[in-house]
Amino acid sequence: MSPRLFDLEPFLAEAIREMSRSFTIEQTTPGCRPNLRVMQTRTVSSERWEGFFDSFTRIYRGSRATLEILADDLGAQMQVEDMPLSGISSDSTGLALHFQTRGGHFVHRIPFPRTVSIEQRANGLVAAIEICCSDGEPDTILRLRAALASRLLSA
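Per the working numbering, the sequence shown starts with residue 679, numbered consecutively.
Okay, structure coming up:
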């Protein structure tokens, strides 16, 4: 018997609590307008990136995602559209965003990012991650289409 959405809600809430315990986030200005969905934007400090992305990957692996590159000279360009996210890894030289493709695997590398911000829905799930880079490098936005954590569906 496959799990129903309301059966997963307690597990999803616990997974989000587990993810938030593994890193410290700093509150920034939340966007709040009447009659619009409220989302909060938080910045993840660079010393917490590795733990944050490890937890994020465990929870969101398999979620469908879109990758948008914001270049000053070209504007916004879609690099990945509605593909399963394999994960995000972090090391001393930067970040790597991994996607599953029909032919195998695609990796988008971000050398030496400056800041990482997450946009959270009112229910605490991540809606998007914005990665700002050093001068001259394009910024990146990862948007998550699926709100459910894929690892919870396999239980």
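Think of the CB as a built atom: it goes at the ideal place given N, C-alpha and C, for glycine as much as any other residue.
Report the partner residues of residue 808 according to the DSSP bridge assignment.
-> 795 and 819
Which of the three DSSP states, helix, strand or coil, is assigned to residue 726?
-> helix
Take residue 742 and list the residues in its own chain whose beta-carbon comes closer than 8 Å to its own, dropping the five residues that flank it on each side.
-> 760, 761, 762, 763, 822, 823 and 824
How would you call residue 754, buried or exposed, if buried means at least 16 neighbouring beta carbons within 10 angstroms?
-> exposed
Return the bridge partner residues of residue 766 from the DSSP annotation.
-> 775
Can you tell me whether DSSP reads residue 813 as helix, strand or coil?
-> coil
Identify, in the order they occur along the chain, each residue of the same chain with its Cβ nearer than 8 Å to the Cβ of residue 792, setting aside the five sequence neighbours on each side.
-> 810, 811 and 812
Sort 796, 816, 807 and 770 by Cα distance to residue 678 and report the nearest one.
-> Residue 678 falls outside the range modelled here, since the chain spans only 679 to 833, and no answer is possible.
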